[in-house]
Amino acid sequence: PKAKRKQEDINLSKWECMRPTPDICENQNLVEALKVLQEQRYLIGEQMNSDAYARAIASIKSYPNLIDNINQIKELPNVGEKIHSLLIQFIETGKIIMVNQILNNENYKILKLFCGIHGVGPTTAGKWLKEGHKTLEDVEKHVKLNNAQKIGLKYYHDFNELMTTEEAMDIFETIKKQILNLDEGFVVTAIGGLRRKKESHNDIDILVTHPKGLECDLLDELIPLLTNKDIVVETIVHYDGNIGTSSSSDNHFDHFNKWYGVVKSPLTGKYRRLDLVMTTTKEYPFALLGWTGSKMFEKSIRRYAAEIKNCKLTSHHLLDLSKNEMVECQNEEEIFEYLGFPNFVQPEFRNC
Ligand code: DCP
Ligand code: MG
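Its first residue numbered 0, the sequence shown is counted upward by one per residue in this note's numbering.
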């Protein structure tokens, strides 16, 4: 069951990571409307503009009361003039006119369709649109796809259907059981949106460690085994964290042994994305914090660590730059404590 915030929990910090933020909030209709604007800016390549919407959305998501008067909007951190006027429009009319215009825009629909292919971002989608492609059939026939995109297109329908927590948990438990079968000492943890108790999921993310370091060779044994059992159906990419491949892909933002692929869901028979991340026990608390998300939470806590604490926080370590030393942490609690958070932030309140 989800914990409920109290009205007096109102927190107006400018740092997203400092404000408890649930998955579904008191102003969900407003959030959904603004998400359309955020996504549209992202799709047309206006990342900075999109980020401004994302920060305003995070601000609203953390606000514990229904927003129905203008004085409340004035309080909200990270809401600039332009978005401020949209919020007034929403309070006064119950909608934002621009949202419907975007939803009916042909180019928006095509860019969204193309970005629904795993491995396709706004730059690629924009290029295809410019070349005159409009449908998935156009892409399949006329565009040269990389391996990830081929898989993305093949399972387009299933990948774009969100999973319930029940289905995602079932996949998690299935994989966990197979790993523990190999050795009972493995520590297998749900990360990403599953750990944050989101209502629906794009994929399943799992973190694995072992006190004796056995996670090091696990993937080489596990993937063939899961393939034989018809659980794993495709490998998208298998990163060897030890070999510093110079891939500039944004999947390579850390140095763990990782496997990204596709599983057949035992519960529904649908094809779902699975990410497996291997970490040493020493790095585990940092990997856990870095892979629990949300992406906004990660950006915020890293920036906070740098600007306020002169620390470099990654999924591998916490480096105190003032002392020029690594900070040893046994668990997430100790990381939050070192960074001066008044309280531990429960994963379900990291949904900014
Ligand atoms: N992550 C990150 N930066 C990235 C990719 C991932 O910080 N470029 C971290 C934060 C994410 C977590 O890993 O929360 C998992 O990433 P997902 O893309 O799987 O996102 P979620 O699990 O949060 O949501 P969902 O999978 O339902 O879209
Ligand atoms: Mg995920």
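Glycine is no exception: its CB is placed at the ideal position from the N, C-alpha and C atoms.
As the structure is a prediction and not an experimental result, all values here were calculated from the model.
Could you name the residues that DSSP lists as bridge partners for residue 203?
273
Less than 8 Å between the beta carbons of residue 152 and residue 135, yes or no?
Against a cut-off of 8 Å, the Cβ pair of residue 135 and residue 152 comes out as a contact.
Roughly how many whole angstroms lie between the Cα atoms of residue 272 and residue 70?
Taking the straight line joining both Cα atoms gives about 43 Å.
For the alpha helix (DSSP H) containing residue 355, list its first residue and its last residue.
Outside the displayed range of the chain (0 to 351) lies residue 355, so it cannot be described from this structure.
Thinking residue 274 and residue 202 are a contact (beta carbons under 8 Å), I'd like their distance in whole angstroms, please.
6 Å
At the level of alpha carbons, what is the spacing between residue 213 and residue 185?
8 Å
Would you mind reading off the limits of the alpha helix (DSSP H) that contains residue 106?
105-114
Keeping to the same chain, check which residues put their C-beta closer than 6 Å to that of residue 253; ignore five residues upstream and five downstream.
314
Using the beta-carbon count (16 or more within 10 Å), is residue 58 buried or exposed?
buried
Anything with a beta carbon under 5 Å from a heavy atom of ligand 2 counts; list them all in chain order.
191, 192, 202 and 204
Could you tell me if residue 205 is buried or exposed, where buried requires 16 or more neighbouring beta carbons within 10 angstroms of its beta carbon?
buried
Got a sec? Which residues, its chain only, sit under 6 Å from residue 289 by beta carbon, not counting five neighbours each side?
Counting only Cβ-Cβ distances below 6 Å, and skipping sequence neighbours, we find 314.
Taking just the CA atoms, how far does residue 238 sit from residue 245?
With a pLDDT of 46 at residue 245, under the threshold of 50, the modelled position of this residue cannot be trusted; read the value that follows with caution. So the alpha carbons of these two residues sit roughly 11 Å apart.
Distance check for residue 332 and residue 343, CA to CA, integer angstroms please.
6 Å
Would you tell me roughly how many angstroms separate the C-alpha atoms of residue 87 and residue 178, rounded to the nearest one?
52 Å
From residue 147 to residue 321, what does the alpha carbon distance come to, in whole angstroms?
Going by C-alpha positions, residue 147 is about 42 Å away from residue 321.
Taking 7 Å as the cut-off, does the CB of residue 347 come closer than this to any heavy atom belonging to ligand 4?
Only ligand 1 and ligand 2 can be found as ligands here, which leaves ligand 4 out of the picture.
Our contact map puts residue 308 next to residue 318 with C-beta atoms below 8 Å; I'd like the distance itself, whole angstroms only.
Contact doesn't hold; Cβ gap of about 11 Å is too wide.
Return the chain-ordered list of same chain residues with a C-beta closer than 8 Å to the C-beta of residue 157, the five sequence neighbours on each side being excluded.
269, 270 and 271
Nearest by alpha-carbon distance to residue 299: which of 22, 54, 337 and 160 is it?
54
Ordered along the chain, which non-local residues of its own chain (more than five positions away) have a Cβ less than 8 Å from that of residue 182?
209 and 213
With burial defined as no fewer than 16 other Cβ atoms inside 10 Å of the residue's Cβ, what is the status of residue 345: buried or exposed?
exposed
With 16 other CB atoms within 10 Å as the buried threshold, where does residue 199 fall?
It is exposed - the Cβ of residue 199 has fewer than 16 other Cβ atoms within 10 Å.
Indicate whether the contact test is met: 3 or more Cβ pairs, each with one atom in the segment 93-108 and one in the segment 65-81, closer than 8 Å.
no
Just reading off the alpha helix (DSSP H) that residue 300 is part of, what are its end residues?
294-308
Once DSSP output is grouped into helix, strand and coil, what is the label at residue 176?
helix
Helix, strand or coil: how does DSSP classify residue 246 here?
Since pLDDT at residue 246 reaches only 49, below the 50 mark, its modelled position is unreliable, and the value read off the structure follows with that caveat. Here residue 246 sits in coil by DSSP.
Is residue 92 helix, strand or coil when you go by DSSP?
helix
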